[in-house]
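I have placed the structure first, in the form of structure tokens, so that the comments after it can refer back to it.
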């Protein structure tokens, strides 16, 4: 990446970092009595312009959609400012991937095109002129046709594998895992061209997060070892050995225990119930990624700050969407706050 572009993008990242919402801001938003009050409060933050066009009657869905458009603008602008960066392009793929996940899972659940359209936001695709991929899948009459429509895209093969494994196991989460694999494979490939140690650390954490969770989930779903192997992204020899030991473990708990001699030992869940343990581990790992993203700002003008702000703005918008949903569903403020990805006290 060009030196001067890197400097400019890093300065922009620092300026955005200074404008991130605080825990107190989130608390105030979460305390809103209804969506009307929440909208008034969001309009007192940096997201005022993002929600300016949201029409009444408000819904958490329409608020989230507006925030996602804003996030796409932020990420698009960061990527443009820092020149051609494969890593940022890979992170940007998240928008397309999440739409495709939504559509394919919707097809499995027999949702109509109209139902799905209300949940699909194509702003990110419009910015990079990639709308067609998602539209083709959206207008397909069923899962089979949607998978066939994606046959010619660069990750068509993985989508076909996901559909085949879904047909065998009937678990819609399989689509999440395979689509995440597409994303993290791109990320791993792009990362090979970078020498920035801090940025590499941040991206590696994401890849570890994906790989470890894929093994754990694969074991939980009762997949064969070669099926789990197919979910894994190629990584360093020590990481590969660890994943191998986790795959060979007799139970989910034994697989988690393999992490107790690694840098992730503090994230190992202590609960017995497997489903709760997976959820607890996922949250703990995301909190660790969040903390690392915050720490990426120790060195000015490094690529890590640009990766860091990309991740922090994603967490921020996710928190805001979670608050909108909680306010709509009348979920208690304490419960909402305990689920957000924020700095621990």
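Residue numbers (our numbering): 127 to 471.
Backbone N, C-alpha and C define an ideal beta-carbon position, used for all residues, glycine too.
Problem set entry | Validate contact between the region 147-165 and the region 448-467 using beta carbons, cut 8 Å, 3 pairs | yes
Problem set entry | Closest Cα partner of residue 319 within the set 336, 210, 380 and 227 | For the purposes of this step, residue 319 is taken as residue 193 along the chain shown, with counting starting at 1. Considering only alpha carbons, the answer is 210.
Exercise. Based on Cα-Cα distance, which residue from 228, 270 and 356 lies nearest to residue 284?
Worked result: On the chain shown, residue 284 is found 158 positions in, with the first residue counted as 1. Comparing Cα-Cα distances from residue 284 to each of 228, 270 and 356, the minimum goes to 356.
Exercise. Is the region 214-225 in contact with the region 175-192, if contact means three or more CB pairs nearer than 8 Å?
Worked result: no
Exercise. Whose C-alpha, out of 390, 334 and 377, is nearest the C-alpha of residue 363?
Worked result: In the chain shown, residue 363 corresponds to position 237, counting from 1. Among 390, 334 and 377, the Cα nearest to that of residue 363 belongs to 334.
Problem set entry | Of the listed residues 246, 299 and 245, nearest to residue 234 (C-alpha basis) | Taking the first residue of the chain shown as position 1, residue 234 is located at position 108. Of the candidates 246, 299 and 245, the one whose C-alpha sits nearest the C-alpha of residue 234 is 299.
Exercise. Assuming residue 131 and residue 207 make a contact with CB atoms under 8 Å, what is their CB distance in whole Å?
Worked result: The residue you call residue 131 lines up with position 5 of the chain shown. The residue you call residue 207 lines up with position 81 of the chain shown. About 7 Å separates the two Cβ atoms, so the contact holds.
Exercise. Between residue 348 and residue 401, what straight-line distance do the alpha-carbon atoms span, to the nearest angstrom?
Worked result: Working through the chain shown from its first residue, we reach residue 348 at position 222. Working through the chain shown from its first residue, we reach residue 401 at position 275. Going from the Cα of residue 348 to the Cα of residue 401 covers about 13 Å.
For this session: Might you give, ordered along the chain, the residues of its own chain that have their beta carbon closer than 7 Å to the beta carbon of residue 127, omitting 5 neighbours on each side?
Result: Sequence index remark: in the chain shown, residue 127 carries index 1 (1-based). Caution is warranted here: a pLDDT of 43 is assigned to residue 127, below 50, making its placement in the model unreliable, and no coordinate value can be reported.
Exercise. Which stretch, first to last residue, makes up the alpha helix (DSSP H) that contains residue 435?
Worked result: In the chain shown, counting from the first residue as 1, residue 435 sits at position 309. Where residue 435 is concerned, the enclosing alpha helix (DSSP H) stretches over 429-454.
Exercise. Helix, strand or coil for residue 465 per DSSP?
Worked result: In the chain shown, counting from the first residue as 1, residue 465 sits at position 339. Three-state result, residue 465: helix.
Exercise. In terms of alpha-carbon separation, which member of 377, 326 and 232 lies closest to residue 351?
Worked result: Position 225 of the chain shown holds residue 351. The candidate whose alpha carbon is nearest that of residue 351 is 377.
Problem set entry | Cβ-heavy atom distance, residue 443 to the ligand ZN, below 8 Å | In terms of ligand content, the structure shown is empty, and the ligand ZN therefore cannot be addressed.
Exercise. Using the rule of at least 16 other Cβ atoms within 10 Å of the residue's Cβ for burial, across every protein chain shown, is residue 133 buried or exposed?
Worked result: To locate residue 133, count along the chain shown from 1; it is residue 7. That one is exposed.
For this session: Please classify residue 362: does DSSP put it in a helix, a strand, or coil?
Result: For the purposes of this step, residue 362 is taken as residue 236 along the chain shown, with counting starting at 1. Here residue 362 sits in coil by DSSP.
Exercise. What's the gap between the Cα of residue 368 and the Cα of residue 416?
Worked result: Position 242 of the chain shown, counted from the start, is the residue given in the question as residue 368. Position 290 of the chain shown, counted from the start, is the residue given in the question as residue 416. Near 24 Å, if we compare the C-alpha coordinates of residue 416 and residue 368.
Exercise. Since residue 435 contacts residue 142 with CB under 8 Å, what's their CB separation in whole angstroms?
Worked result: Counting from 1 along the chain shown, the entry for residue 435 is found at position 309. Counting from 1 along the chain shown, the entry for residue 142 is found at position 16. About 5 Å separates the CB atoms of residue 435 and residue 142; that is less than 8 Å, so the two are in contact.
Exercise. Should the region 228-243 be regarded as contacting the region 288-305, the criterion being three or more beta carbon pairs within less than 8 Å?
Worked result: yes
For this session: Could you name the residues of the same chain whose beta carbon sits closer than 8 Å to that of residue 386, not counting the 5 residues immediately before and after it, in chain order?
Result: Mapped onto the chain shown, residue 386 falls at position 260. So the list reads 394, once near-sequence residues are dropped.
For this session: Reducing DSSP to helix, strand and coil, say where residue 127 ends up.
Result: Counting from one through the chain shown, the residue named residue 127 turns up at place 1. Low confidence applies to residue 127: its pLDDT is 43, below 50, so where it sits in the model is not reliable enough to give any reading.
Exercise. Is it buried or exposed for residue 322, if we count other Cβ within 10 angstroms and need 16 for buried?
Worked result: The count along the chain shown starts at 1 and reaches residue 322 at position 196. Under this definition residue 322 is a buried residue.
Exercise. Quick one: what's got a C-beta closer than 7 Å to residue 427's C-beta in the same chain, skipping five residues either side?
Worked result: What you label residue 427 is simply residue 301 of the chain shown in a count that begins at 1. 132, 133 and 136.
For this session: Give a yes or no on whether the C-beta atoms belonging to residue 422 and residue 269 are separated by under 9 Å.
Result: Counting from 1 along the chain shown, the entry for residue 422 is found at position 296. Counting from 1 along the chain shown, the entry for residue 269 is found at position 143. With contacts defined by Cβ atoms closer than 9 Å, residue 422 and residue 269 do not form a contacting pair.
For this session: Rounded to whole angstroms, what's the CA-CA distance from residue 439 to residue 287? Just pull it up for me.
Result: Position 313 of the chain shown, counted from the start, is the residue given in the question as residue 439. Position 161 of the chain shown, counted from the start, is the residue given in the question as residue 287. Near 32 Å, if we compare the C-alpha coordinates of residue 287 and residue 439.
Exercise. What runs of the alpha helix (DSSP H), each 4 residues or longer, lie entirely inside the region 232-303?
Worked result: 239-243, 249-253, 257-265, 269-275 and 282-295
Problem set entry | Burial state of residue 118, where buried means 16 or more other Cβ atoms lie within 10 Å | Past the boundaries of the shown model lies residue 118; the chain is included only from 127 to 471, so the question cannot be answered.
Exercise. For residue 282, which residues of its own chain have a beta-carbon under 6 Å away from its beta-carbon, when the five flanking residues on both sides are left out?
Worked result: If you number the chain shown from 1, residue 282 lands on position 156. Around residue 282: 276.
Exercise. Residue 413 lies in the alpha helix (DSSP H); which residues open and close that run?
Worked result: Position 287 of the chain shown, counted from the start, is the residue given in the question as residue 413. Element bounds for residue 413: 400-421.
Problem set entry | Residues of its chain near residue 196, where Cβ-Cβ distance is below 6 Å and the 5 sequence neighbours each way are ignored | Stepping through the chain shown from its first residue, residue 196 is reached at position 70. Closer than 6 Å at Cβ, skipping near neighbours: 176.
Exercise. Which stretch, first to last residue, makes up the alpha helix (DSSP H) that contains residue 337?
Worked result: Taking the first residue of the chain shown as 1, we reach residue 337 at position 211. Residues 323-346.
Exercise. Count the other CB atoms within 10 Å of the CB of residue 344; is the residue buried (16 or more) or exposed (fewer)?
Worked result: Position 218 of the chain shown, counted from the first residue, corresponds to residue 344. By the neighbour-count criterion, in which 16 or more other beta carbons inside 10 Å mark a residue as buried, residue 344 falls on the buried side.
Problem set entry | When 279, 278, 272 and 280 are compared against residue 289, the one with the closest alpha-carbon | Translated into the one-based positions of the chain shown, residue 289 becomes position 163. Of 279, 278, 272 and 280, the residue nearest in Cα terms is 272.
Problem set entry | Alpha carbon of residue 425 to alpha carbon of residue 325, nearest angstrom | Locating residue 425 in the chain shown gives position 299, where the first residue counts as 1. Locating residue 325 in the chain shown gives position 199, where the first residue counts as 1. Computed Cα separation, rounded: 11 Å.
Exercise. Three-state secondary structure (DSSP) at residue 368?
Worked result: Here residue 368 refers to the residue found at position 242 of the chain shown. If DSSP states are grouped into helix, strand and coil, residue 368 belongs with the helices.
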